[in-house]
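Colleague:
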Amino acid sequence: MSLKTVLILLGLALATILALVCVLLTRERTPRTCQHLPPEQEDVEDGQSLVFADLTAEEMSQVVRYLRGHLGVPLVEASRAKPSDNCIAGVDVQVPAKAEVLRFLDGAGARPPREALAVLYFGNQAEPNISELVVGPLPTPAYHRDVTVHKYGGKLPYHRRPVTAKEYTDINALVQRELQKAPRFLAACCESDGTDLAILTTAPRGFKSGDRVTWFVLFHNVAGTGYYLSPVGLEVLVDHGDLRVSRWQLRQVFYNGRYFGSTGDLEREFVAGALEVVRLKQPQAEAVLGSMKPRRPPGPPGPLQFEPQGPRYSVRNNRVTFQGWSIIFGMNPNTGPRLFDIRFRGERIVYELSLQEALALYGSNCPGGMSTRYLDGSFGIGRFAYELVQGLDCPYTATYVDRHYLAESDTPRTNQKSLCIFEHDSAVPLRRHFSDSQSLYYGGLRRNTLVIRTISTLINYDYIWDFMFHGSGAVEVRVHATGYISSSFFHGRGTDYGNRVGPHTLGTMHLHHIHYKVDLDVDGQLNSLETQDMEYEFVKDPWSAQNTIERPHLRRERLEKEAAFPLNVPMPRYLSFVSPNPNKWEHPRSYRIQVISFAGKHLPTNSSMERSISWGRYQLAVTQRKEEEPTSTSIYNQNDPWTPTVTFADFINNETITNQDLVAWITVGFLHVPHAEDIPNTVTVGNGVGFFLRPYNYFNEDPSVDSPDSVYFSSEQDAGACGANPLACLSSATTCAPRLPPFHFGGFLNL
């Protein structure tokens, strides 16, 4: 063997030895492999969450088949039904009574029968009406019962029904026929023959019970852009209350500040030269106000969030668990997201947390804008929660869940990936301290949060609904508004009602008020309401009698009856649901409600429609929980706000709220005066409101001290050692970046 060969072999041996030494020396500093670890499992009986589960597509179909075979009346498929027909308007789960559910979840009670709630429009009857039927048991229905009178105290008048897509189609056809009577005017004002104009509904529809008369606003419609920003100045009032579509009529026309009896009158005024016309060019796609198309080529990708060893939460059926949290989630097709049986560390904190309503109330000097008070539940907050865009609406690697609904059709539809669940690093510590005196150390915990999110597109606006669960035991509820503003044609003193945001576009002022139901069960069902706030007391300085000191002191009050706090009136800074049971320090175990809101002014109480949105009188109201008061409003309030089907103000009746099963009804919102920066879209920054449910003496210490994510190191430790400091493991954890699946979006397929 040559000397050269020997030297090469010795060199290789030495390199191997050095490599082995490095491996041995760094073994303790290297994180575990990138294998996905199963999340912690909660010890809860399998399948219990299904007592709250939304209906499956098959269950919906079974209900439709049962109704078609057992009602004894002809049913027309809702997508084709005329007002004079009978049809199935919608089907949703009938959530069992709370007492039944708790006996099943907490005791030895039987599983409640699974039932559905079907809404039917009976137009082909001597007395047309809306009926609500409970159908069960699922999955094989054998009975139904009419619960309309029991729920609402009487029959539901037919005129209160929400407007269907078929009704809008027939209205659009009527408007198009009427526009043909003003061809020269349309050519001059809009470079249009009318067929390329979009119409937008307003609501409510009239001024008194029984009215079904709606203003529709006309816009230039450019494909791929938001037409809501291109009004042409023309608005029409349509009477569509008759059961026979042939009797519907166009009652009035508005153009540029003037009212006319018909489009024919409008045309005659124009031909006679008696009408001032603002001549608008057909907007071009590349220059239209509402275009969201990128103006610059893509740059390098931004930061991505991923889980090095897979999700730390678990989703099973309709239940998600995460670091002590257990939440059951669902979606009402009308009112949107709803959560049940929220537990932390095995204890129920909230029985029900659900969205109730979203109000958008506008001002304008045009009839459509000034009369608009949208109650979005009647349009379908849950139904119009479409597929989420991964990587933008939610993190790319979030868990996406499909939602099924049946509305205005006999066939269930699926909004794929319309709800997402993910763990979020908020990039701010949940808690931390750097000690620079006595002893030197650092301790902290990242603020990682479980998020359940869905996004509803309600005509022009997009609402982002977030429910967040923190390691401290706090629940955070938040809503952001984005999407397009609604607008009016700019004329006259338009800036009294908003800001001009385009050549002929007025961004109309409006308020967003959102209402939630929170059925807290703090250490049991029986709770009371306690407020705390501060006062200053002036006392003699104990160590210097000739001086005084202003000393803050705590004022506590246990509310026995009245617990309705008016909107925009200062509320006690601390307001808590308290248990009769104390914590270790002899304070009642409590959860505090902390509202973050910038609500506008509520509609004056002397308004003829105010009682339909009377929940908006209060930023917070606390009532006894009653099965006969399941919601604060109704989808039928939109089209008959003058005789509301559900009036929240009637819930406030000076009842005792001491040691009762209580519900908190919370209103959040903000005033929005659109401005140039709302073009093309309103941004979420600054347009988010919500509330917290925070433990207040519920525990004996902050429960997050038990988090496995806690970080602590002292001056005597090697902070760079993975075994001593989890943060030191992160550099190696980046090698665990996941292989992202190809991007896919199918959200347009169901439209």
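For the sequence shown, the positions run -19 to -1, 1 to 732 when mature numbering (1 follows the signal peptide of the UniProt record, and there is no 0) is used.
In this text, a Cβ means the ideal position worked out from N, Cα and C, and glycines have one as well.
In this text the structure is predicted, and so the values were computed from the model without any measurement.
(1) Just the C-alpha distance for residue 735 and VAL499, rounded to the nearest angstrom, thanks.
(2) ARG141: which of LEU101, VAL116, THR121 sits nearest, CA to CA?
(3) Going by the CB atoms, is the gap between SER468 and LEU439 shorter than 8 Å?
(4) Between the region 238 to 248 and the region 620 to 640, do at least 3 Cβ pairs fall closer than 8 Å?
(5) Restricting to Cα atoms, I'd like to know which of LEU334, GLY344, ARG539 is closest to LEU501.
(6) Taking the alpha helix (DSSP H) that ILE152 falls in, what are its first and last residues?
(7) Taking C-beta to C-beta, are PHE672 and ILE574 nearer than 8 Å?
(8) Residues in the same chain with beta-carbon distance under 8 Å from ASN153, minus the five sequence neighbours each way, listed in chain order, please.
(9) Measure the Cβ-Cβ separation of ILE638 and SER557 and say whether it is below 8 Å.
(10) Does THR604 come out as helix, strand or coil in the three-state DSSP assignment?
(11) Along the chain, where does the alpha helix (DSSP H) containing THR129 start, and where does it finish?
(12) CB-CB under 6 Å to ILE433, same chain, minus the five flanking residues each way: which ones, in chain order?
(13) Just to check my reading of the structure: PHE651 and GLY581 have Cβ atoms closer than 8 Å, yes? What is that Cβ distance to the nearest angstrom?
(14) Per DSSP, PHE651 forms a beta bridge with which residues?
(15) Counting only C-beta atoms, is LEU320 closer than 8 Å to chain B at any point?
(16) Output the boundary residues of the alpha helix (DSSP H) element that contains PHE251.
(17) Taking the C-alpha atoms as reference points, what is the distance between VAL74 and ILE362?
(18) What whole-angstrom Cβ distance do VAL44 and ALA99 have, given they're in contact under 8 Å?
(19) Which residue comes first and which comes last in the beta strand (DSSP E) that contains MET273?
(20) Does the region 200 to 215 come close enough to the region 466 to 486 that 3 or more CB-CB pairs lie under 8 Å?
(21) I'd like to check one pair, ALA341 with HIS493: are the Cβ atoms closer than 8 Å?
(22) Mind checking whether THR626 and LEU48 have CB atoms under 8 Å apart?
(23) Going by C-alpha distance, which of LEU218, LEU155, LEU83 is nearest GLY350?
(24) For residue 816, count the other beta carbons within 10 Å of its own beta carbon; 16 or more makes it buried, fewer makes it exposed. Which is it?
(25) Return the CA-CA distance between PRO281 and ALA379, expressed in angstroms with no decimal places.
(26) Less than 8 Å between the beta carbons of GLY454 and PHE303, yes or no?
(27) If you draw a straight line from the alpha carbon of HIS491 to that of LEU584, how long is it in whole angstroms?
(28) Under three-state DSSP, which class holds ASN396?
(29) Is DSSP giving ARG225 helix, strand or coil here?
(30) Using a threshold of 8 Å, state whether the C-beta atoms of MET552 and GLN513 are closer than that.
(31) Determine, using beta carbons only, whether ALA38 and THR624 come nearer to each other than 8 Å.
(32) Between ARG413 and VAL686, what straight-line distance do the alpha-carbon atoms span, to the nearest angstrom?
(33) Would you kindly report the start and end of the unbroken alpha helix (DSSP H) that includes PHE166?
(34) So, using beta-carbon positions, are GLY728 and TYR367 closer together than 8 Å?
(35) Take ALA253 and list the residues in its own chain whose beta-carbon comes closer than 8 Å to its own, dropping the five residues that flank it on each side.
(36) For TRP524, count neighbouring Cβ atoms within 10 angstroms of its own Cβ and tell me buried if that reaches 16, exposed if not.
Modeller: Taking the definition as stated:
(1) In the structure as shown, the chain begins at -19 and stops at 732. Residue 735 is therefore absent and cannot be evaluated.
(2) The residue given as residue 141 occupies position 160 in the sequence shown. Checked all of LEU101, VAL116, THR121; the closest Cα to ARG141 is LEU101.
(3) To locate residue 439, count along the sequence shown from 1; it is residue 458. To locate residue 468, count along the sequence shown from 1; it is residue 487. The answer is no: Cβ separation not under 8 Å.
(4) no
(5) The residue given as residue 501 occupies position 520 in the sequence shown. It is LEU334 whose Cα lies nearest to the Cα of LEU501.
(6) For the purposes of this step, residue 152 is taken as the residue at position 171 of the sequence shown. Start and end: 146 to 160.
(7) If you number the sequence shown from 1, residue 672 lands on position 691. If you number the sequence shown from 1, residue 574 lands on position 593. Cβ atoms of PHE672 and ILE574: closer than 8 Å.
(8) For the purposes of this step, residue 153 is taken as residue 172 along the sequence shown, with counting starting at 1. The residues are ILE180.
(9) In the sequence shown, residue 638 corresponds to position 657, counting from 1. In the sequence shown, residue 557 corresponds to position 576, counting from 1. No. Outside cutoff.
(10) Stepping through the sequence shown from its first residue, residue 604 is reached at position 623. It is a strand residue.
(11) One-based indexing of the sequence shown puts residue 129 at position 148. Element bounds for THR129: 129 to 133.
(12) In the sequence shown, residue 433 corresponds to position 452, counting from 1. PHE310, ILE402, PHE448.
(13) The residue you call residue 651 lines up with position 670 of the sequence shown. The residue you call residue 581 lines up with position 600 of the sequence shown. Indeed they touch by this definition, with Cβ atoms about 7 Å apart.
(14) Against the sequence shown, residue 651 aligns to sequence position 670. DSSP output for PHE651 lists HIS493, PHE579 as bridge partner(s).
(15) Absent from the structure: chain B. Only one protein chain is present.
(16) Numbered from its first residue, the sequence shown carries residue 251 at position 270. Counting along the chain, the alpha helix (DSSP H) containing PHE251 begins and ends at 244 to 252.
(17) Looking up residue 74 in the sequence shown gives position 93. Looking up residue 362 in the sequence shown gives position 381. Rounded to whole angstroms, VAL74 to ILE362 spans 16 Å at the Cα level.
(18) The residue given as residue 44 occupies position 63 in the sequence shown. The residue given as residue 99 occupies position 118 in the sequence shown. That belief holds up - the Cβ atoms of VAL44 and ALA99 are roughly 6 Å apart, short of 8 Å.
(19) As a first step, residue 273 is located in the sequence shown; it is residue number 292 there, counting from the start. Where MET273 is concerned, there is no enclosing beta strand (DSSP E), given that its DSSP letter is neither H nor E.
(20) yes
(21) Position 512 of the sequence shown, counted from the first residue, corresponds to residue 493. Position 360 of the sequence shown, counted from the first residue, corresponds to residue 341. Contact flag set, yes.
(22) Within the sequence shown, the letter at position 645 stands for residue 626. Within the sequence shown, the letter at position 67 stands for residue 48. Going by C-beta atoms, THR626 is not nearer than 8 Å to LEU48.
(23) The count along the sequence shown starts at 1 and reaches residue 350 at position 369. Answer by Cα proximity: LEU218.
(24) As shown, the chain starts at -19 and ends at 732. That puts residue 816 outside it, with no answer to give.
(25) As a working note, residue 281 is residue 300 in the sequence shown. As a working note, residue 379 is residue 398 in the sequence shown. If you take the alpha carbons of PRO281 and ALA379, they lie about 22 Å apart.
(26) In the sequence shown, the residue the question calls residue 454 occupies position 473. In the sequence shown, the residue the question calls residue 303 occupies position 322. Not a contact, by the Cβ cut-off of 8 Å.
(27) The residue you call residue 491 lines up with position 510 of the sequence shown. The residue you call residue 584 lines up with position 603 of the sequence shown. Rounded to whole angstroms, HIS491 to LEU584 spans 12 Å at the Cα level.
(28) The residue you call residue 396 lines up with position 415 of the sequence shown. Of the three classes helix, strand and coil, the one that applies to ASN396 here is strand, per DSSP.
(29) Here residue 225 corresponds to residue number 244 of the sequence shown, with the count starting at 1. Three-state DSSP puts ARG225 in coil, outside helix and strand.
(30) One-based indexing of the sequence shown puts residue 552 at position 571. One-based indexing of the sequence shown puts residue 513 at position 532. No, Cβ-Cβ distance for MET552 and GLN513 is not below 8 Å.
(31) In the sequence shown, the residue the question calls residue 38 occupies position 57. In the sequence shown, the residue the question calls residue 624 occupies position 643. It is not a contact, given that the beta carbons lie outside the stated cut-off.
(32) Mapped onto the sequence shown, residue 413 falls at position 432. Mapped onto the sequence shown, residue 686 falls at position 705. C-alpha separation (whole angstroms): 11 Å.
(33) As a working mapping, residue 166 is identified with position 185 in the sequence shown. Start and end: 164 to 171.
(34) Here the question's residue 728 lines up with position 747 in the sequence shown. Here the question's residue 367 lines up with position 386 in the sequence shown. Contact: yes.
(35) Stepping through the sequence shown from its first residue, residue 253 is reached at position 272. Within the same chain, ALA253 has no close Cβ partners at all.
(36) The count along the sequence shown starts at 1 and reaches residue 524 at position 543. TRP524 should be labelled exposed.
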